[in-house]
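Below is one structure; the comments refer to it alone.
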Amino acid sequence: MAHSEARHIALQKAELQRRAQELERWKKEFLANVSHELRTPLNAILGYSRLLLNEQLPVRYYRQIEEIHGAGNILLDLINNIIDFTKLSGGEVRLSKTPFRVRDLATELIEHYRPAAEHKGLRLECHIPSGVPTFLRGDKYRYRQILACLLSNAVKFTEQGEVNIRLAADETSGDLINLRTVVTDSGVGIAADREEAVFRDFSQGDGSTTRCFGGLGLGLAVAKRLVDLMGGQIGFRSATGDGTSFWVALPFETVIANDHPAVEAPVDQYLAGAEGGAATSTGRRRILAVDADATERVLIEAFLSRTGCLVDAVSSVGDALAAVSVLTYDLAFVEIPDPSEQGLEPIRRVRGVMQERGHDTPIVALGTGLDSGRRQAVVEAGANGVLAKPFDVPDLVATVGRYLPIAVEPLLEAEAAFGGEEICSDPDDEAFWSDQLDELKRAFASADYARMEMHTGAVRRRALQQGSQAAADGAMRLQVAARSGDGHRITTALERLDRILRTIHETESSRRNHLQMC
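Under our numbering, think of the first position of the sequence shown as 747, with each following residue one higher.
What follows is the structure in structure tokens.
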């Protein structure tokens, strides 16, 4: 009798365990489906708004679209935090080591949060001293996510003043360095009795914080778990009403750029195109884009067409196989619905047909929610790399430059002659151009190239708002030059932008004088 009862209890335990495992599997599938359903329309919102921001629009429309794009980025961060919190709780996050350019990552984040900061009238600045290596090796995706959590938090809880990022590097041993990143704000601060709860799951300052500032209280919890996973440290200093300073210290490996041409190539090629001032041979290159979603397919084609390449956009793997069986492509972008074995089948099939024809065309997988471990599975399936959705124009152009041995045409090449461009100007605008040029020159003098990139971004946005394509192009050239850290290129681009703005100012002054005389 006792033996029968024990066997019955064991069977019950086994059944409960089976149900728990089944429930966990359903939860993961549900999360993956929700993620895809939310991210797909969000990708379209972010992509099309970014395309519109690169067009000449009336100021009021430009600012409204910036609001849309900024709100989309906030929503994307929220979705990512929910998904990654679940993965971290289940121990499913794996780290990877890839080389990346530190300044690019910081600049990308600054631009990502700039619309939200400017909407509140906040100054958003980044400082990277020359002692920080240009290239590091580590999990770029997770480092970016940690900084995104801290930046998002800083902008959210700051109503006036500024938000700053500062980087510093301390050599530890051999090729390892300890990268210290500090995010400081002038916001509401953290009360002493709430400090212990800062990194707890779903924690907010108090019951009114969510109502006032929004959020789910996951950002800092996710950041803390990621820092622990990467073997780093995180902490903060704060006082109520006196702002907060969060710091993160993470170990990375140093990288010699020349040893990793795949990292350095995109910027060098982009620079070659930016300085050339003429259409490149990209017009002869053919790119295949495979995406089942019609909206995203049109968006990808619009992005890729801006590189000057010929683009064949198809909706199914069958169409892709038909295309690669008769045409030779220089690069292929192939969507994967998920990184499961079945989801990776499009990569395998396209790669198989290419190999049968003796072609070694680079394949870039397009997908969402591809963390470091899943990216490795995608590469093992036959892809050369991964481009995460949603992507921005520079991301796509950099990817094209990485796999095609060409000079990528700049996205904002001037469409009009250099001079004679009219721009709506008033004393505030003139003061803005003057202040920005002064800031650029000071940043150049102190070799603060990250700060240069930040100010060229501000010049470019104002130029597009005012309808000055030449000024926007000049700012883009300077931004790319600053990213290279090449003093000669920067000097040339800075002088060119100075001439453009001076010409615009003189043209506008002459026009106003003429109108007054009339």
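Glycine is no exception: its CB is placed at the ideal position from the N, C-alpha and C atoms.
The structure presented is a predicted model; accordingly, all values stated were derived computationally and were not measured.
Beta-carbon proximity check, residue i vs residue j, cutoff 8 Å
i	j	result
residue 931	residue 904	yes
residue 865	residue 908	no
residue 1135	residue 789	yes
residue 934	residue 912	no
residue 1111	residue 1096	no
residue 899	residue 965	yes
residue 1056	residue 1033	yes
residue 1043	residue 1037	yes
residue 849	residue 874	yes
residue 1206	residue 1228	no
residue 852	residue 877	no
residue 1142	residue 1077	no
residue 784	residue 820	no
residue 1046	residue 998	no
residue 844	residue 921	no
residue 832	residue 1039	no
As assigned by DSSP and simplified to three states, the class of residue i
i	result
residue 919	strand
residue 1015	Any reading at residue 1015 must be qualified, since the residue scores a pLDDT of 37, below 50, and its modelled position is unreliable; the value itself is stated next. Helix.
residue 1131	strand
residue 827	helix
residue 1088	coil
residue 1156	Because the pLDDT at residue 1156 is just 39, under 50, the model does not fix this residue reliably, and the point stays unresolved.
residue 931	strand
residue 844	strand
residue 984	strand
residue 1268	With the chain covering 747 to 1264 only, the question about residue 1268 has no answer from this structure.
residue 952	Unreliable placement is indicated for residue 952, whose pLDDT of 49 sits below 50; no coordinate value is reported for it.
residue 998	strand
residue 860	helix
residue 1171	Any reading at residue 1171 must be qualified, since the residue scores a pLDDT of 46, below 50, and its modelled position is unreliable; no value is offered.
residue 1038	coil
residue 837	coil
residue 991	strand
residue 924	strand
residue 764	helix
residue 870	strand
residue 937	coil
residue 1166	With a pLDDT of only 35 at residue 1166, under the threshold of 50, the placement of this residue in the model should not be trusted; the figure read from the coordinates follows. Looking at residue 1166 - three-state DSSP - the assignment turns out to be coil, as it is neither helix nor strand.
residue 971	helix
residue 794	helix
residue 1112	strand
residue 1031	coil
Chain-order list of residues whose beta-carbon lies under 7 Å from that of residue i (same chain, five-residue window excluded)
i	result
residue 892	969, 972, 973, 994
residue 981	993
residue 818	788, 791, 792, 795
residue 1244	1183
residue 1069	1034, 1058, 1060
residue 816	861, 862, 865
residue 959	Any answer about residue 959 is weak, because its pLDDT of 42 lies below 50 and its placement is not dependable; what the coordinates show is given next. Closer than 7 Å at Cβ, skipping near neighbours: 902, 903.
residue 1075	1032, 1033, 1034, 1107
Close Cβ partners of residue i (< 6 Å) along its chain, the five nearest in sequence each way excluded
i	result
residue 1189	1197, 1198
residue 996	925, 976, 978
residue 941	none
residue 1131	1110
residue 937	986
Contacting residues, own chain, Cβ-Cβ under 8 Å from residue i (five flanking each side not counted)
i	result
residue 1106	1100
residue 1204	1182
residue 1093	1080, 1082, 1109, 1111, 1124, 1127, 1128, 1129
residue 1178	1208
residue 952	At residue 952, the pLDDT of 49 sits below 50, so the modelled position is not reliable; the number obtained from the coordinates is stated separately. If we look at residue 952 and ignore the five residues flanking it on each side, its Cβ neighbours are 937, 940.
residue 827	895, 962, 964, 965, 968
residue 804	none
residue 834	968, 971, 972, 975
Distance cut-off 7 Å: residue i Cβ against heavy atoms of the ligand SAM
i	result
residue 932	Although the ligand SAM was asked about, the structure shown includes no ligands whatsoever.
Chain B contact for residue i (CB, 8 Å cutoff)
i	result
residue 784	The question asks about chain B, but that chain is absent: this structure has only one protein chain.
- prompt: Are the region 1226-1239 and the region 854-861 touching, with three or more C-beta to C-beta distances below 8 Å?
  reply: no
- prompt: Between the region 820-838 and the region 875-882, are three or more C-beta pairs nearer than 8 Å?
  reply: No, they do not touch.
message: Closer than 8 Å is the cut-off here; do at least three beta carbon pairs connect the region 801-811 with the region 1200-1211?
response: Verdict: yes, contact present.
message: Restricting to runs no shorter than 4 residues, where is the alpha helix (DSSP H) found entirely within the region 875-913?
response: 886-902
- request: Within the region 1173-1255, note down every full alpha helix (DSSP H) run reaching 4 residues or more, in order along the chain.
  value: 1173-1191, 1195-1212, 1215-1230
query: Taking three-plus beta-carbon pairs below 8 Å as touching, is the region 748-767 in contact with the region 793-804?
result: No, the region 748-767 does not touch the region 793-804.
field: Segments assigned alpha helix (DSSP H), at least 4 residues, entirely inside the region 1054-1088
entry: For the region 1054-1088, the continuous alpha helix (DSSP H) assignments of 4+ residues that do not extend past its boundaries occur at 1063-1072, in sequence order.
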